[in-house]
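So the structure is just underneath, and the comments pick up after that.
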Amino acid sequence: MDTNLPDRLFQQFSQLVYDQCGINLHDGKKALLQARLNKRLRLTGIESYAEYYKIITSSKHPHEFINFLDSVSTNLTFFFRESQHFDFLDSVLPELLSRKQKDGATKLRAWSAGCSTGEEPYTLGMCILAHIPDPQRWDFKILATDISTRTLEIAGSGVYSEDKVQKVPPAMRQAHFKRTLENGRGEYEVAPHLKRVITFRRLNLKESFPFKGLFDFIFCRNVMIYFDKKTQEELVNKMAGFLAPGGYLFVGHSESLTGLAHKLTYVRPAIYRK
């Protein structure tokens with residue numbers, strides 16, 4: 002098998018990825034795509050890039066197309082990543098919850114878009130539960146979505162190695178995790194009460210969103226860096242349509258809405274409000 006990906010095929014694969022999920026694989030990503038493709042070819046026994054392209058673009062192999070998208074999406078995350086966002090959350094939650102109670106409302110919704118292996122939505126859940134002394138009285142749910150089925154499986158299991166949970170404050174680790182031994186290694190599993198408030202679903206952000214309700218908080222961090230400006234603008238405006246009045250959108254600190262047409266109000270770096 003020739004392990005060098007021809008430019009023509011690189012353009013075809015990158016166009017396919019862009020058309021299907023908005024990820025922009027520019028020329029600098031050719032080596033990455035080639036490495037990921039080589040892995041899929043070895044696993045499937047398919048002998049050439051051209052044959053693999055033909056297979057994933059045929060309607061007969063939708064599952065392999067999902068495997069392909071899984072392989073090209075990059076998943077780097079950890080608990081309390083960009084902790085300033087969770088500090089800000091702590092500062093606005095008391096007033097938000099108090100206002101909802103005065104209005105007789107008990108519904109609280111958050112969305113972690115591009116949730117990867119689950120550290121972000123679990124962090125979000127821990128932070129919000131810290132402000133809800135009586136969770137039974139609240140209709141509190143977090144939707145966590147990603148395009149990768151592989152990472153969603155890890156997220157749903159809620160099992161993490163000891164080094165992964167080191168950034169979780171000890172009191173929160175004790176309250177929301179159960180330590181287990183697996184093959185002689187210490188692991189931490191998310192407790193049932195935290196798992197219950199989070200729903201994990203596969204979602205391609207370029208497609209229409211299948212939900213109807215509004216969210217108080219949307220976290221879409223370090224996702225848009227893979228999109229071009231046009232796709233970023235479309236996504237921000239779609240998400241704004243699903244924010245409750247006064248709701249917040251959090252993006253990654255390496256991201257900005259500067260240069261994009263939208264109706265959200267800048268609050269502080271990487272935080273916007275409807």
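Its first residue numbered 2, the sequence shown is counted upward by one per residue in the working numbering.
Heads up, the beta-carbon is just placed ideally off N, CA and C, and yes, glycines get one too.
Everything numeric in this text was worked out from a predicted model, so none of it was measured.
* To do: Drop a sphere of 10 angstroms on the beta-carbon of Leu-244, count the other beta-carbons inside from all chains shown, and report buried for 16 or more, exposed for fewer.
  => buried
* Smallest Cα separation from Ile-272: which of Ala-262, Gly-260, Gly-253? -> Gly-253
* To do: Provide the residue(s) that pair with Ala-262 in DSSP beta bridges, ordered along the chain.
  => The partner list for Ala-262 (beta bridge, DSSP) is empty, contrary to what the question assumes.
* Per DSSP, Cys-128 is paired with what? -> For Cys-128, which the question treats as bridged, DSSP gives no partner whatsoever.
* Give a yes or no on contact between the segment 85-101 and the segment 32-45, applying the rule of three or more CB pairs nearer than 8 Å. => The answer is no - the segment 32-45 does not touch the segment 85-101, with fewer than three Cβ pairs under 8 Å.
* Do you know offhand how far Gly-126's Cα is from Ala-32's? -> Distance between the alpha carbons of Gly-126 and Ala-32 is about 37 Å.
* **Exposure label - Pro-167; buried when at least 16 CB within 10 Å** => Sequence check: residue 167 is Gln here, not Pro. Per the 10 Å Cβ criterion, exposed.
* Asked: By Cβ distance below 6 Å, which residues in the same chain neighbour His-62 in space, the five residues on each side in sequence not counted?
  -> Cβ neighbours of His-62 beyond the five flanking positions: Ile-56.
* **C-beta neighbour in chain C for Ser-74, strict 9 Å** => Going by chain labels, chain C is absent from the structure shown, which holds only one protein chain.
* **Proximity below 9 Å, CB of Lys-227 to CB of Ile-24** => Note that residue 227 is Tyr in the sequence shown here, rather than Lys. It is a contact, given that the beta carbons lie within the stated cut-off.
* So Cys-1 is in the alpha helix (DSSP H); what residue range does that whole segment cover? -> Given that the chain is displayed from residue 2 to residue 275, the structure contains no residue 1 and the question cannot be resolved.
* Going by C-alpha distance, which of Arg-138, Val-160, Gln-102, Cys-22 is nearest Tyr-189? -> Val-160
* To do: Going by DSSP, name the residue or residues bridged to Arg-186.
  => Glu-183
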